[in-house]
Each structure stands twice: as C-alpha cells, then as structure tokens.
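First to last, the sequence lines map onto chains A and B.
Just so we're on the same page, our numbering is the position in the first sequence counted from 1, plus 190.
Just so we're on the same page, our numbering is the position in the second sequence counted from 1, plus 35.
For each residue, glycine too, the CB sits at the ideal point set by N, CA and C.
These notes concern the structure reproduced below.
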Amino acid sequence: MNQAVISCLHANLPAVEAVLKDIELQGITNITCLGDLVGYGPQPNEVIELIRDKEIPTCQGCWDEDVVDGLDACDCSYPSQLAEKRGHFAHQWTTDKLTTENKDYLANLPYSIRKDKCLFVHGSPNSQHEYLLPDMDAFAALERVENARAEILFCGHTHQPYIRELADGSIAVKIKNSVPKDTQEKEIQLPMRRIVNAGSVGEPRHGGTKATYVVHNDVTNEVKIREVEYDIELTCKAIIDAGLPPIFAWRLKNGFEFAEQAEDASHVCER
Amino acid sequence: MIERWALVSGLKGDLDTYELIQKDLKKTPGNITLFVLGDMIGPEKNCNRLLHRLINPKSNDLQPWCIYGWWEEQILLESGYRGDQRAEALRINKGEEVVKSLTNAVDKSFLDWIAALQFGFVELDCGLIHGSSKDVGENLTLDTPPLTLLDRLTRLQVNRLFTARSKQQFHLELTEGIVNSEVEDLNGNRKKEQKVPQKAVIGIGAGKNYTLYDVGTDNTQFVQAGYKTEKRIKGFGRL
Ligand SMILES: [Zn+2]
Ligand SMILES: [Zn+2]
C-alpha cells in the first residue's frame, strides 16, 4: 500500500491544498505529516485546520515547538542578523495570529510517530532542530536510524527532499591490551537502512518552485519524490497583504533559499 | 622523553587514593600530564579536602587538569547552575537522602570552580570526556554497539575517545569500517563508499583504577594505584 509523507507546510495554504489534491488523485489515503505547519507563510490557522480536519497524523516541527514554547533555538540557526530578525518577526506574527485552540493543537503534537518499521520525525530522532543532510557522514546517518530502532526514517526540516540508502556496512573491532590475544577481533555487519526526507510543501528549498513530498510503497519499499505545482502568486499576495517580509514571497517565486541557510547546518542547538 | 598521560576519574572525594596516584606518578618515567575526567565528588564522603588539593596542588604534585563528570553535573543541577532544572534523575533513582548527602559533601565555596569546569578536552586527535560526546551520563563499554561508538567519535571529530563513566578499563579499536551510501534527490543519483580510518575508545577506569596512555606509541596501561601490577581486561564479554 502507498503512503504519502508531507513536511514543512509553513502556513502556505495553496501549496498544501495542491499537494493533498495530488495525493488524493493517486488514491492514497494514508498520510503522515512531519510538522512545521506554521512559520514564514500567511495562513497558519487555515493550514492547521485543514490538517486537523483531514485527521492527518502529525509530528511537532521546530516552528510548531517554538511558536508554543517561545523561541527555543539559539541564534545559531540563522546565518545572518537580518535573517534572524525576519525569522523572529515571522515567529511573533504567527504567535499573534494563531487561535488558542490551534496553539494547543501544536503544543500537543507528538515528537515522533512510529508505524511498524517506519519512524517519522521532524528533524532527527535526537532533536527537532537537527538537520539530517543528504551527504552527512554515512555512519552517523546510519546511527540515527539504527538507534531509533527503525528501518526507514522519515524526516523533513532541511526542505530538500532526498532518499538515502545505507547498505553493505560493517565495522571491524579489536580489543587492544588484553589477554588472550586470539579471540579479540570481530567484524560486525551493519543493517541496511534508509533515510527519506520529504522536502517541503510550503517552503521548498531544492532550487525549484514546486512543492515536494514523498510516496512510499510498503510492499515494494519503493520511495518516490513528487513535485507539485501550485498557485504561487496567490501565496505571495497573501504574504504581502499580511505584512510579512516581502522576501518570503520573493524566494517562493524564485525557487531558492536566499541567504537563509546556516553555514554549519550540522550544528545542533543545545539550548 | 616519552610523553604520557595519566587518566583518572571517580575519586569521589577520596584524597587518599589521589595521593597514592600522585605518588605512583612520581615514580613513572616520562613526561606526564594528569587528567582527571570527572566525578571528583560523590555523595559517599566529604569532598572538600580533595577539591582543595585539586585547586591548590602541593608543590611536588603533578598539576591536575579536571573536567566535570556526572556527579558534578548533579550538584550543579541541584544548586541552580543549570537554570530551572534540578537533579531530578538522581532524586528519582537514588532518593532524597543521596541528593542531600551530595550537597552536604561539597562546600558551597567550591561550586563556582566546579561550574567553570569544561565538558571535555581535545588533545591532539583525542577526546577526553567523562561519559560520551552526547551526554556526560552516557556509559560507553565494550558492549556498546560499534556504530554508536563511531558516532560519539565523529561528534568530537577525534580518533580516540577516553571515557570514564562506565568505570571499566578497556581499549577497543575500531580497525575498519565501510558503508555504501546512495542518495537520490531531484538532481539525480550519487553513490559513495565511505570508510573510516582506525579509531579507538578507551575506558580509563575509576577510583584506584586508572590508565596510563603513551602518546607516541598509542599504548595503554591499566594501573591500580599503589600496585605495580598491570590490570588487564578479559575478553569481549557480551559483544
Ligand atoms: Zn520547516
Ligand atoms: Zn524545521
């Protein structure tokens, strides 16, 4: 059976509607959301209500957490003071806009969702703020999946969709400084594991303007990245009308993230 | 002259053991640096004399380089040095009595010194920590999955990790590692074979059991304070 995984909706209603339509057209009813329902975009309440309405199981994203708990991540997640200012502005704007009921909903979202061999998280099993980048150290990546006791780890947060397979791994170990010497060497086979990043519905950062999500077939284990067009103009107009920073509209229209990616994306905020 | 590190942990206020170790080290050849990897304090005995000695070494003492350990973390938590958090894990696991004994065992005048201690040292390509690079309370042992050990080494970007929390003495080498990675994204596919160079995790022991590390030859020696005999570990256990 096919399941769809969506992430980082970021209060972009036209994008969410287009993606849900695309999922529906494929006859897929099993959907999981990896959080970041709000932040940057102009329709936070509308997006939350749509997800609640459709009863789509959702993990808590970094924005969902911060909007509820107050800014938790340190400045290190922003590459420049300007980017930080805009981020803080969007945070405040979203907090002011959200209804109490929707805030409660975000506050009570689970950190992760487990379905058989699949684990769904926003950033990584360690933190909503950790970026699992596609080319991060392969052993560290494998450790994230393995220590979470999953076979496939679905994550978002980077806004760049990818499928990573880690296979044919092994580690040889030897005890030094021990007796007897002959029994002290071993080779441990590592299991095959996968990390699937669903990209972003409402704030794509893959170089194009299309919303992305993934479809996983749990029989064949095949994963496909889907790209969906949506009415960008509509979202951009809503961003301007809402008084949010115009650069948020500009980057949606131009399809890349303008100077907003932290230099060391592997850095995890400890605060 | 041979460069050696003496790695000590888990003294928990035991000045006698510390003095024995200092005495040992005076007789140990080489240019020795003494690292104390946490748990200088504990709830069992009054720790003030040891703390005073660590802060104010005697003229013929080797200068100790200290980091904080799990017990230091507990007293800092309980004393409000970590924001609103208190030593709840300790309270739940060991009870209110132990929390009290701990705070009674250390004079408040030492708390600022404890709070200024670092989480770990990176010397050459070696990480010196109490637990792991993930958590001061994490136990790394011979039974820890190698993938986890590798991750903890990677987090500090070191080739050797000296750890104390498990109290065990061991020297585990990760001699070879390989994994194939295939990434598919909107730009296409890319494959990469990743290998790891030789790395090691070394358990340094606790209390009287400490470790000498020969920086030049990468050899460890497990020592018991006051005894000349070398303590050696036996086998893999449940690995
Ligand atoms: Zn996001
Ligand atoms: Zn996020």
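- Task: Give the interface partners of E336(A) over in chain B, defined as CB-CB distance under 7 Å, in chain order.
- Result: Result: L182.
- Item | Backbone CA spacing between K266(B) and F205(B) [nearest angstrom] | Residue confidence for K266(B) is low, a pLDDT of 43 falling below 50, so the modelled location carries little weight; the figure read from the coordinates is stated next. Distance between the alpha carbons of K266(B) and F205(B): 10 Å.
- Could you tell me whether any non-hydrogen atom of ligand 1 is closer than 7 Å to the CB of S216(B)? Exclusion of S216(B) from the 7 Å shell around ligand 1 follows from its C-beta lying no nearer than that to any non-hydrogen atom of the ligand.
- Query: Where E214(A) and I365(A) are concerned, what is the direct C-alpha to C-alpha distance, given to the nearest angstrom?
  - Reply: For E214(A) and I365(A), the distance between alpha carbons rounds to 56 Å.
- Message: Let's see if you can read the secondary structure: which residues bound the beta strand (DSSP E) around Y248(B)?
- Response: 244 to 249 is the span of the beta strand (DSSP E), which, as asked, contains Y248(B).
- Given a threshold of 16 other Cβ atoms within 10 Å of its Cβ, counted over all protein chains shown, does L159(B) qualify as buried or as exposed? By the neighbour-count rule (16 or more Cβ atoms within 10 Å), L159(B) is not buried but exposed.
- Message: Tell me which residues share the same chain as E460(A) and place their Cβ nearer than 7 Å to its Cβ, disregarding the 5 neighbours each side in the sequence.
- Response: At E460(A), the pLDDT of 42 sits below 50, so the modelled position is not reliable; the number obtained from the coordinates is stated separately. Closer than 7 Å at Cβ, skipping near neighbours: no residue.
- Task: Please go through the same chain and pick out, in chain order, the residues whose beta-carbon is closer than 6 Å to the beta-carbon of I37(B), but skip the five residues on each side of it.
- Result: Once the five neighbours on either side are set aside, the close Cβ partners of I37(B) are G65.
- Relative to the C-alpha of F70(B), which residue among N224(B), E123(B), L85(B), G155(B) is closest? Per the Cα distances, G155(B).
- Query: What is the rounded straight-line gap between the Cα of N220(A) and the Cα of K226(B)?
  - Reply: Spanning the two alpha carbons is a distance of roughly 31 Å.
- Hey, is C82(B) close to ligand 2, as in C-beta under 7 Å from one of its heavy atoms? The nearest non-hydrogen atom of ligand 2 is 7 Å or more from the C-beta of C82(B).
- If we ignore side chains and look at the alpha-carbon of each, how far apart do Y344(A) and N387(A) end up? Note that residue 344(A) is Phe in the sequence shown, not Tyr. A direct Cα-Cα distance of roughly 6 Å separates F344(A) from N387(A).
- Task: From the DSSP output, read off the bridge partner residues of C161(B).
- Result: E158(B), R195(B), per the DSSP bridge assignment.
- Message: Going residue by residue through the stretch 313 to 348 of chain A, where are the continuous beta strand (DSSP E) segments of at least 3 residues, counting only ones entirely within it?
- Response: Counting whole runs of 3 or more residues, the stretch 313 to 348 of chain A contains the beta strand (DSSP E) stretches 342 to 345.
- Show which residues of chain A have a CB atom less than 8 Å away from the CB atom of T255(B). Going along chain A in sequence order, the residues near T255(B) (Cβ under 8 Å) are K366, N367.
- Message: Would you call the stretch 238 to 251 of chain B in contact with the stretch 387 to 396 of chain A, where contact means no fewer than 3 C-beta pairs closer than 8 Å?
- Response: Too few Cβ pairs lie closer than 8 Å, so no.
- Query: Can you find a heavy atom of ligand 1 that lies under 7 Å from the Cβ of G212(B)?
  - Reply: False, no ligand heavy atom lies under 7 Å from that Cβ.
- Message: Threshold first: 3 residues or longer. Then list the beta strand (DSSP E) segments lying entirely within the stretch 203 to 259 of chain A, N to C.
- Response: As far as the stretch 203 to 259 of chain A is concerned, its whole beta strand (DSSP E) runs of at least 3 residues are 220 to 223.
- Item | Span of the beta strand (DSSP E) around C101(B) | Annotation for C101(B): the continuous beta strand (DSSP E) segment containing it runs 99 to 102.
- Query: Which word fits T198(B), buried or exposed, when buried means at least 16 other C-beta atoms lie within 10 angstroms of its C-beta?
  - Reply: Per the 10 Å Cβ criterion, buried.
- State the DSSP-derived secondary structure class of I149(B), mapped to helix, strand or coil. The answer is helix: DSSP assigns I149(B) an H, G or I state.
- Task: May I have the straight-line CA-CA distance separating L322(A) from T348(A), to the nearest angstrom?
- Result: Straight across, the Cα-Cα distance linking L322(A) with T348(A) is about 7 Å.
- Using the DSSP secondary-structure output, state which residues sit across from D358(A) in a beta bridge. According to DSSP, D358(A) bridges with nothing at all.
- Item | Range of the contiguous beta strand (DSSP E) that encloses S216(B) | For S216(B), the enclosing beta strand (DSSP E) stretches over residues 204 to 220.
- With a threshold of 16 other CB atoms inside 10 Å of the CB of E377(A), please say whether the residue is buried or exposed. Under this definition E377(A) is an exposed residue.
- Message: Would Y352(A) pass as an interface residue toward chain B - the criterion being a Cβ-Cβ separation below 8 Å?
- Response: Against chain B, the CB of Y352(A) has a partner CB under 8 Å away; the residue lies at that interface.
- Message: Please list, in chain order, the chain B residues whose beta carbon lies closer than 7 Å to that of P315(A).
- Response: The contact set of P315(A) on chain B, defined by CB atoms closer than 7 Å, is empty, because the minimum CB distance reaches about 12 Å.
- Task: Compute the Euclidean distance between the alpha carbons of N128(B) and I361(A), then round it to the nearest angstrom.
- Result: Between the alpha carbons of N128(B) and I361(A) lies a gap of roughly 35 Å.
- Task: Take the Cβ of N292(A) as the centre, count every other Cβ of all protein chains shown within 10 Å, and call the residue buried at 16 or more, exposed below.
- Result: The Cβ neighbour count for N292(A), taken over all protein chains shown within 10 Å, is at least 16; the residue is labelled buried.
- Quick one: residues with CB closer than 5 Å to any heavy atom of ligand 1, in chain order, please. Residues with their Cβ less than 5 Å from any non-hydrogen atom of ligand 1, running along the chain, are C198(A), D226(A).
- Three-way DSSP call (helix, strand, coil) for I37(B) in this model: When secondary structure is reduced to three states using DSSP, I37(B) falls in the coil class, being assigned neither helix nor strand.
- Query: For H87(B), which of helix, strand or coil comes out of DSSP?
  - Reply: If DSSP states are grouped into helix, strand and coil, H87(B) belongs with the helices.
- Continuous alpha helix (DSSP H) stretch holding K61(B): start and end: Boundaries of the alpha helix (DSSP H) harbouring K61(B): 50 to 62, taken from the DSSP string.
- Message: Out of L177(B), Y53(B), L152(B), which one is the CA nearest neighbour of K93(B)?
- Response: For the set L177(B), Y53(B), L152(B), the Cα lying nearest the Cα of K93(B) is the one of Y53(B).
- Query: Rounded C-beta distance between G104(B) and T176(B)? I'm assuming under 8 Å.
  - Reply: G104(B) to T176(B), Cβ: 16 Å. No contact.
- If you draw a straight line from the C-alpha of V413(A) to the C-alpha of A205(A), how long is it? Their backbone Cα atoms lie some 21 Å apart in a straight line.
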